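Chemist: Note that the protein sequences, when read in sequence, are chains P and R. Just so you know, the numbering used here puts 69 at position 69 of the first sequence, and the rest follows in order with no gaps. If you want the numbering used here, it's the position in the second sequence, counting the first as 1, plus 1000. We put the beta carbon where it would ideally sit given N, CA and C, even for glycine. The structure presented is a predicted model; accordingly, all values stated were derived computationally and were not measured.
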Amino acid sequence: NAGVTQTPKFRILKIGQSMTLQCTQDMNHNYMYWYRQDPGMGLKLIYYSVGAGITDKGEVPNGYNVSRSTTEDFPLRLELAAPSQTSVYFCASSYSQGDQPQHFGDGTRLSIL
Amino acid sequence: DAKTTQPPSMDCAEGRAANLPCNHSTISGNEYVYWYRQIHSQGPQYIIHGLKNNETNEMASLIITEDRKSSTLILPHATLRDTAVYYCIVRVVGGSEKLVFGKGTKLTVNP
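1) Does the beta-carbon distance from N30 of chain P to T71 of chain P come in below 8 Å?
2) Give me, in chain order, the residues of the same chain whose beta-carbon lies closer than 6 Å to that of D73 of chain P; leave out the 5 immediate sequence neighbours on both sides.
3) Decide if H103 of chain P is buried, meaning its Cβ has at least 16 other Cβ atoms within 10 Å, or exposed.
4) So, is G105 of chain P buried or exposed, given that buried needs 16 or more other C-beta atoms within 10 angstroms?
5) In chain P, what lies closer than 9 Å to Q1042 of chain R by C-beta?
6) Buried or exposed for D1067 of chain R, going by 16 or more other Cβ atoms inside 10 Å?
7) Roughly how many angstroms lie between the CA atoms of W1035 of chain R and T108 of chain P, to the nearest whole one?
8) Quick check on T7 of chain P: buried or exposed, where buried means 16 or more other Cβ atoms within 10 Å of its Cβ?
9) Pick out whichever of P:D26, P:R11 and P:I15 has its Cα sitting closest to the Cα of L113 of chain P.
10) Looking at I1063 of chain R: is its Cβ nearer than 8 Å to the Cβ of I1074 of chain R?
11) Whole angstroms is fine: what's the gap from H1024 of chain R's alpha carbon to A81 of chain P's?
12) Determine, for Y48 of chain P, whether the minimum Cβ-Cβ distance to residues of chain R falls below 8 Å.
13) Rounding to the nearest angstrom, what Cα-Cα distance links T55 of chain P and L45 of chain P in this structure?
14) Expressed to the nearest angstrom, what Euclidean distance is found between the alpha-carbon atoms of Y89 of chain P and W34 of chain P?
15) Kindly list the residues whose CB is nearer than 6 Å to the CB of E1069 of chain R, restricted to its own chain and excluding five residues on each side of it in sequence; keep chain order.
16) Any chance you could list the beta strand (DSSP E) runs of at least 3 consecutive residues sitting entirely within the stretch 52-87 of chain P, in chain order?
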């Protein structure tokens, strides 16, 4: 019963490095999301996707890129990592129709030094 | 999406009911009320949602006022494991389905 799986769980990057945060779901959900959460704050939406090949910006997209080539996977790419991107990143998914809730992964804790 | 207002923190005794309020006075007719919680730094966990009627599931009950301007999440018999940050979110169904999180209410269940 995997649900939403995020890898890695922890990562430390140097300023200017790049990396990809992986997210996969096995519930055949059309909608997928990336959020970030800074200490003591609520989650903020970075990017979302309503289906394979379709992505759109959320509230805080600068410095990130996404792709959605399959229904299952929604990777988040950080180019030229900056200290301001130190955060906990959560991936979520949901069914595309109706009032269905979002299901979240356990997060990736990322530090940029 | 309409904004919500929640108290920053609340305490509850173990075994008692925890009643978490949420104000959403600008909610529109097609917006649902959702509740999630976040334990420690884990991913948010869905609890319950509703549109107009009161709802109950195995985790909690949701009471929505008749004018829909406020709601209350009720955990009937709080346990220590219910200590978490609880988020009340209003959401339009049929759009991007994205959630807008505020700071939530930190509920501490005391032994």
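Modeler: Checking against the coordinates, here is how it stands:
1) yes
2) T24
3) buried
4) buried
5) F104, D106 and G107
6) exposed
7) 23 Å
8) exposed
9) P:I15
10) yes
11) 37 Å
12) yes
13) 13 Å
14) 7 Å
15) Sequence inspection shows Lys at residue 1069 of chain R; the Glu mentioned does not correspond to that position. Closer than 6 Å at the Cβ level, and outside the excluded window around K1069 of chain R, lie S1025.
16) 54-57, 64-66 and 76-78
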